[in-house]
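Data first, discussion second: the structure below is written as structure tokens.
There are 2 protein chains.
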Amino acid sequence: MDEFGIIATYFAPLAGEGAFGLKDDAALLPARPGQDLIITTDTVTEGVDFFAFDPSADIARKALRVNLSDLAAKGAVPAHYLLNLSLPHTITPDWLAGFADGLAQDQREFGISLLGGDTGATDGPLSIAVTAFGFVPQGRMIRRNGAKVGDAVYVTGTIGDSGGGLAIFKREKHSLNDADRDTLIARYRVPQPPVAFAEQLRAIAHASVDISDGLIADLGHIASASGVHIAVIGERVPLSAPLRTLWGDEVLLRAVTAGDDYQIAFTAPPGLRGPFSEIGVVEQGSVATLLVRGKEFLIKKPGYRHF
Amino acid sequence: MDEFGIIATYFAPLAGEGAFGLKDDAALLPARPGQDLIITTDTVTEGVDFFAFDPSADIARKALRVNLSDLAAKGAVPAHYLLNLSLPHTITPDWLAGFADGLAQDQREFGISLLGGDTGATDGPLSIAVTAFGFVPQGRMIRRNGAKVGDAVYVTGTIGDSGGGLAIFKREKHSLNDADRDTLIARYRVPQPPVAFAEQLRAIAHASVDISDGLIADLGHIASASGVHIAVIGERVPLSAPLRTLWGDEVLLRAVTAGDDYQIAFTAPPGLRGPFSEIGVVEQGSVATLLVRGKEFLIKKPGYRHF
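Line by line, the protein sequences are chains A and P. Counted the way the working numbering counts, the first sequence spans residues 6 to 312. Counted the way the working numbering counts, the second sequence spans residues 6 to 312.
The following block contains the structure:
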């Protein structure tokens, strides 16, 4: 099957408004007066962000969700996405069918549709670039640069689970039961970005970021953009029971540097309650640091680097 | 240098309005009431669309221009682009500096700016996905499906030159002088999409497509989408002197199937004059065919396929 057949068979059924059934040179987004369009793009690559043996539906959902987390962190409601696929020649119809099923499942879950993309063959690893589009009311995107001294630092979900799943895939020794092992692997394969939280976030957050590089590294982006110091109180970082079992005494340090969480870290006035944990404070200074038993803990490699 | 250093050094200087200096999770496009946003994306890959020994400034410009041709074909004026880079570990600072220079040069030439993207490392070939954004007055995008029986078929520029340049790189024997050889190679390396023609095109075209797969293949897309037959009169296809010298008696058939032209083919009322050639007619029926001396010429492989 050539790329035209692949597009017509697997992807055209996913196309929504403005995509023209993937049968034109370009897609169309009408202006929504009073709304800003928010655009983000991230590539996932075999061997880095997923493994060849992962179910292709999960790979599809991860490729989407690592972008939906960026939109959510900006307070945007997702609407559409583009898909740039570089497929090894060995890809099978079954793989493609599963991949399209994964996309369809998340389209329903998040109310989004496929707008366009391109499909090509590669001699290299499978690579999937998704570009996601969402909307916020005009001027209401949450930036990284709005953190204020006196803010508290909050985070959604639990931290480090995806990194735990990856460690298991990398054959790290562990004594987890099957259910706990599967929980962590599932978090690696299919991130759970708090997409529905975006509107509430917009109402409270001064600054926000999605956690992809690692909690401390990404809070460092807020600290740097806002010109503040962010102190994370280690004891308050939300950690799952399976991850505590997996990593024991090392759990905190590994969790806050693992990355691949796709949860949201944000600053807002202190004392708020909601689907998030209060984990730190914004002070005068710069950079983000981790406190353990009240003392600053030096992190040599705060997050993931591609190079 | 890690990806943060690469982005800060080479790409942040290219960032324009809405890109936040490439220092946030997402970019922002304000609504332009009365305008539709037109979006297209295409990936270029080493070994397929360019060679590792091509100047990196030319690679950058090709990656951009294969997208600008799609916008032009839709009647859209380009505004912004995203860049997804998969870089081999062997990439050098000089290569990156040249690449950024090529982007800067085309940003000035076409009045566009960088909106965002991502940069990762790959064990595979260098791959560059560009997503381009342009605007048309509301409802005025030129589709593929508007061709009418009685229309003439037009094409901008000359056809097949890029394919000629590629053939030379593939060591096809030839007797071209250096200037002619360089002309064809330049057309392969840096396409010349008629970006400034978009507004004029919008005023006259019923259907339009950019020529990437091959003249006959791409006109076949218009024929299929519009439910018409398109007959291209071979003798009228504009061919450059260097390409005629390179390919001799085979020039027409090779030129109309070579692809990689990034010119625009469109249908409009017959007898129009402008920066284009009238090359065929729209009739009742389906598919696109090539006539040579008035007879239909069977084309077995009308255009490029990735698989």
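Glycine included, C-beta positions come from ideal geometry on N, C-alpha and C.
- Per DSSP, Asn89 (chain P) is one residue of the beta strand (DSSP E) stretching across 82-93.
- DSSP, reduced to helix, strand and coil, places Glu301 (chain P) within a strand of the structure shown.
- Taking a cut-off of 8 Å for Cβ pairs, the region 51-61 of chain P and the region 40-54 of chain A do not touch, as fewer than three such pairs fall below it.
- Counting the other Cβ atoms within 10 Å of the Cβ of Gly26 (chain A) gives fewer than 16, which makes it exposed.
- Scanning chain P for C-beta atoms nearer than 8 Å to the C-beta of Thr45 (chain A) yields Asp30, Ala31, Ala32, Gly121, reported in chain order.
- The beta carbon of Ala210 (chain A) is closer than 6 Å to those of Ile147, Phe271, Ala273 in its chain, skipping five residues each way along the sequence.
- Counting C-beta pairs with one atom in each stretch, the region 246-266 of chain A and the region 98-107 of chain A have fewer than three that are closer than 8 Å, which means they do not touch.
- No Cβ of chain P is located within less than 9 Å of the beta carbon of Lys178 (chain A).
- Ranked by Cα distance from Lys79 (chain P), the first of A:Tyr159, A:Leu295, A:Lys28, A:Ala157 is A:Lys28.
- Against chain P, the CB of Lys79 (chain A) has a partner CB under 9 Å away; the residue lies at that interface.
- The beta carbon of Thr161 (chain P) is closer than 7 Å to those of Pro199, Phe202, Gln268, Ile269, Pro280, Phe281 in its chain, skipping five residues each way along the sequence.
- In this structure the region 80-98 of chain P touches the region 132-140 of chain P; the number of beta carbon pairs closer than 8 Å is three or more.
- With respect to the C-alpha of Ile216 (chain P), the residue from P:Gly239, P:Gly232, P:Gln197 having the closest C-alpha is P:Gln197.
- Here the region 118-125 of chain P makes contact with the region 9-17 of chain P; the two share three or more CB pairs at distances below 8 Å.
- Out of P:Arg66, P:Arg192, P:Pro38, P:Ala228, the CA that lies nearest to the CA of Gly264 (chain P) is found in P:Arg192.
- Asp215 (chain A) carries a strand assignment under DSSP once its states are collapsed to helix, strand and coil.
- Spatial neighbours of Ile117 (chain P) in its own chain (CB-CB distance under 7 Å, excluding positions within 5 residues in sequence) are listed in chain order as Pro83, Ala84, His85, Tyr86.
- Listed in chain order, the beta strand (DSSP E) elements of length 3 or more contained wholly in the region 104-179 of chain A are 118-127, 132-142, 157-160.
- Around the beta carbon of Arg66 (chain P), a 10 Å sphere encloses 16 or more other beta carbons of the protein chains shown; the residue is thus reported as buried.
- Each residue's CA atom was taken as its position, placing Ile173 (chain A) and Asn182 (chain A) some 12 Å apart.
- Under the rule that a run must span 4 or more residues, the alpha helix (DSSP H) segments found entirely inside the region 243-299 of chain P read 246-252, 256-263.
- Residue environment for Thr294 (chain P): buried (at least 16 other C-beta atoms within 10 angstroms of its C-beta).
- With its beta carbon at least 9 Å from every one in chain P, Ser61 (chain A) lies outside the interface.
- In this structure, the CA atom of Thr97 (chain A) is about 28 Å from the CA atom of Ser229 (chain P).
- Leu120, Gly121, Gly122, Asp123, Thr124, Gly125, Ala126, Thr127, Asp128, Gly129, Pro130, Ser132, Ala134, Thr136, Ala137, Phe138, Gly139: these are the residues of the region 112-139 of chain A whose beta carbon lies less than 9 Å from some beta carbon of chain P, given in chain order.
- Shown here, Ile44 (chain P) sits in a strand according to DSSP, grouped into three states.
- The three-state reading of DSSP puts Thr50 (chain P) in strand, counting E and B together.
- For Ile221 (chain P), the enclosing alpha helix (DSSP H) starts and ends at 220-231.
- Taking all protein chains shown into account, Leu303 (chain P) has fewer than 16 neighbouring C-beta atoms within 10 Å of its C-beta and is therefore exposed.
- For Val242 (chain A) against Val261 (chain A), the beta-carbon gap comes to about 6 Å, under 8 Å, which counts as contact.
- Contacts with chain A at 9 Å (Cβ-Cβ) do not include Gly279 (chain P).
- Distance between Leu108 (chain A) and Leu244 (chain A), taken at the CA atoms: about 29 Å.
- About 5 Å separates the CB atoms of Pro38 (chain A) and Pro38 (chain P); that is less than 8 Å, so the two are in contact.
- Interface annotation, Pro38 (chain A): in contact with chain P, CB-CB separation under 9 Å.
- Judged by beta-carbon spacing, Phe140 (chain A) lies within the 9 Å limit of Asp41 (chain A), meaning their Cβ atoms are closer than that value.
- In this model, Val286 (chain P) and Ala152 (chain P) are separated by some 10 Å (Cα to Cα).
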